[in-house]
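**Student:**
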Amino acid sequence: MFKKPPRKIFTSSALRNSDIKLLRQRVLTLFPNSKDKVDVEVLVPKGITSCKFDTHLDETGILYSSADKEPLWFSLGKGGGLAQSNLIPTGGADLMIPGVVPSPIIPSLTQGQLVSITQYRSTTPLVVGSMAINGSELKDDEDQKGKAVVTLHAARDALWTLGSKQEPPEGKQSEAAEAPGTDIVDGVTEAVEGVKLDGMTEGDGAGEEMVALERVPTAQEIEMMLRATALYALVRLDGSSLPLPASTFYSSHILPSRPARPTLPSPNETEQPLDPKTFLSHLDIKHTSHKKLAPFLKTLEKDGILKLKDVRGELLVFSVDAKHPALVEAGKWGWKTLGAEEKKEKEREKDNAAGGSTKEIMVEEVWFPEANTEGFFEACGESAPHYTLSSLRPLLSKYITTHSLQHPTNPKFVVLDEILSRALLRKGEGEKEFVGRDELADRLSGNMKGMWRVGGTGGFKKMPLQPVHVQTKTRQGRKVVTLITGFEPFGLDPEVLSEELRKRCASSTSVAPCVEKPKQLEVMVQGSQVKAVAVLLLELGLPKKWLKISENTGKGKGGK
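Under UniProt numbering, the first residue of the sequence shown is numbered 1, with each subsequent residue one higher.
(1) Are Thr-337 and Arg-258 close, meaning C-beta to C-beta below 8 Å?
(2) So what's His-324 in DSSP terms, helix, strand or just coil?
(3) For Val-149, tell me which candidate among Met-96, Leu-138, Leu-159 has the shortest Cα-Cα distance.
(4) Do you know whose CA, among Glu-360, Trp-367, Pro-489, Pro-394, lies nearest Cys-380's CA?
(5) Would you mind reading off the limits of the beta strand (DSSP E) that contains Arg-475?
(6) Suppose you measure from the CA of Val-100 to the CA of Leu-152; what does that come to, to the nearest Å?
(7) Does the Cβ of Trp-546 have 16 or more other Cβ atoms within 10 Å, making it buried, or fewer, making it exposed?
(8) Going straight from the alpha carbon of Ala-212 to that of Val-414, what length do you get?
(9) Measuring only the C-alpha atoms, how far is Arg-502 from Glu-495?
(10) How is Glu-193 classed by DSSP in three states: helix, strand or coil?
(11) Among the residues of its own chain, which have a CB less than 6 Å from the CB of Ser-240, if the five just before and after it don't count?
(12) Would Thr-402 pass as a contact of Val-320 if the rule is Cβ separation under 8 Å?
(13) Specify the secondary structure class of His-287 as computed by DSSP and reduced to three states.
(14) With which residues is Ser-65 paired in a DSSP beta bridge?
(15) Identify every residue that forms a DSSP beta bridge with Asn-512.
(16) Smallest Cα separation from Ser-528: which of Phe-318, Ile-133, Glu-551, Ser-510?
(17) Mind listing, in chain order, the continuous beta strand (DSSP E) runs of no fewer than 3 residues lying wholly within the segment 420-455?
(18) Distance, Cα to Cα, Lys-220 vs Leu-425?
(19) Quick one: grab the DSSP three-state call for Met-463.
(20) Tell me whether the beta-carbon of Ile-105 lies closer than 8 Å to the beta-carbon of Leu-138.
(21) Just to confirm before moving on: does the CB-CB distance between Leu-540 and Val-523 stay below 8 Å?
(22) When burial is assigned at 16 or more other CB atoms within 10 Å of the CB, is Asp-442 buried or exposed?
(23) Hey, quick one: how far does the beta strand (DSSP E) through Glu-364 stretch, first residue to last?
(24) Using 8 Å as the threshold, is the C-beta distance between Leu-542 and Val-468 below it?
(25) Who does Ala-384 pair with in a DSSP beta bridge?
(26) Leaving aside the five residues before and after Glu-364 along the sequence, list all residues of the same chain whose C-beta is less than 6 Å from its C-beta, in chain order.
(27) For Thr-90, which three-state DSSP category applies?
(28) Tell me, which residues are paired with Pro-262 by DSSP?
(29) Can you name the start and end residues of the alpha helix (DSSP H) that Leu-159 belongs to?
(30) How many whole angstroms separate the CB atoms of Ala-132 and Lys-147, which I take to be in contact at a CB cut-off of 8 Å?
(31) Suppose contacts are defined by Cβ-Cβ distances below 8 Å. Is Tyr-399 in contact with Val-366 by that definition?
(32) Expressed to the nearest angstrom, what Euclidean distance is found between the alpha-carbon atoms of Pro-325 and Ala-230?
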């Protein structure tokens, strides 16, 4: 439970006297051996505080600490049982069934009951946990597998580090009895006094770490989740990319579509719960019973979800039935994908590595539906005021799949129905029966009203938005100058550009009205300084797409 530090610890507050009394009553109810008033007041002292916390596994709980911030008790979930947190040692792994020594008292234990784990023939508690199964199910059988006790807290774990980091008591019961609250520990430990740690023999030190095998998901569990992931990937797949090599579909679509926070299969009573990270690390084709991609995809083909084709020895995902009930259902899912999480993490790392570098200027290009295209969006059930070019592509793909408009023999073309013809064909183009898939988004946006804005605020302006133009020109005979124009829409200050370029290029600079467009300003730098200007503009956040460079030969280079 506390192998890793809590994900979040909320602000603590002192318990009221009435709450302290209730907490003491809970202690007496759960641990009847602690009947002495002094014991209870030691274990639930005045000035005790409480705070909520979230574990690294997203479980919630309440931590009770002394006035000097020593963790004393904690509970998990709503109405969770209390566990004492100041006398338990090492590691944090769960106790597996093969590590339990038979004892007459064990059969009376019930699943979920709070217990402690001791070393064989020792009364020093090593771990506090809850029974994973009923004690009656534990058999004197070397072949019996599974988990016996789920660890809640152990010394040297993340909860232990929140306190004074006291070492666990050593030796026999007589030595441990001197510790405050020992009677309550007796009440917990006597229930499992026969339990021994797996891998320990008589005489091993109490400081040894427990070793327990972590349960790995079964092939069936992996196949169920991988199938769901494949369905989710198919729903999000752009139909214009078909046919698609099966290997590409797996690496670029299925694997990135794995859920970042999977809903784990419910374990059987005798099974250890699955760790999300462990589950995700096994969620790939090699851990299924298929072992290879082709047999796995053929199960989807058998169910009528997709069609495969072998072309010159390469398996292709040829088509997808978007109307299949399984895909319709998958379209309702909205899990956060591992690919998206990894992309965000890379962006965060990039931002951190960049330190104080300027954030890239945000440029939005959107298209508003007009008369010829409104019918298409209505047929798609869409009513957004505007769309980006990337959002148009999946709408087109979905419409084509839904209305079976794929070309009968060539998947690179689509058949035009009345709605698509109106939305895609240009004025004066005449009638067409087919158009190429790669033209669809450009044709649709071409019949819409294009608008742009910079910085994410303010109103949209009519396209086109021109890139910043950097060019060299020859003036007054053989004198070469570098001119920068078109920077105003991007919020770039001409005086800043001029001053910075003067320093970097060690050349004279000036700001003046542009000769061709007097309403615009022009920054001039003496000499051929194209490279220095381009570097500065990119450093100031100008996206490379919006930078156009022209040498004095008149040939365009880079940018848009």
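Quick reminder that beta carbons are idealized off the backbone N, C-alpha and C, glycines included.
**Tutor:** Reading it off the structure:
(1) yes
(2) coil
(3) Met-96
(4) Pro-394
(5) 468-475
(6) 17 Å
(7) buried
(8) Residue placement at Ala-212 cannot be trusted, given a pLDDT of 38 that sits under 50; the coordinates are not used to answer.
(9) Roughly 11 Å between the two C-alpha positions.
(10) Here the model assigns Glu-193 a pLDDT of 36, short of 50, so the residue's position is not dependable, and the following value carries that caveat. Coil, per DSSP.
(11) Cβ neighbours of Ser-240 beyond the five flanking positions: Ser-397, Arg-437.
(12) no
(13) helix
(14) Thr-49, Pro-71
(15) For the sequence presented, residue 512 should be read as Ala rather than Asn. Looking at the DSSP assignment, Ala-512 forms a beta bridge with Glu-522.
(16) Glu-551
(17) 434-436, 449-454
(18) In the sequence as displayed, the identity of residue 220 is Gln instead of Lys. Their Cα atoms are separated by approximately 50 Å.
(19) In the three-state reduction of the DSSP assignment, Met-463 falls in the coil class, being assigned neither a helical nor a strand state.
(20) With respect to Leu-138, Ile-105 sits apart: the two C-beta atoms are not nearer than 8 Å.
(21) no
(22) exposed
(23) 363-368
(24) Against a cut-off of 8 Å, the Cβ pair of Val-468 and Leu-542 comes out as a contact.
(25) BP columns for Ala-384 are empty, so no partner.
(26) Arg-453
(27) Legend: pLDDT at Thr-90 = 39, less than 50; position of this residue unreliable, value from coordinates given subsequently. Here Thr-90 sits in coil by DSSP.
(28) Paired residue(s): none; Pro-262 is not in a bridge.
(29) Segment: none, Leu-159 is in no alpha helix (DSSP H) and carries neither H nor E.
(30) 4 Å
(31) no
(32) 14 Å
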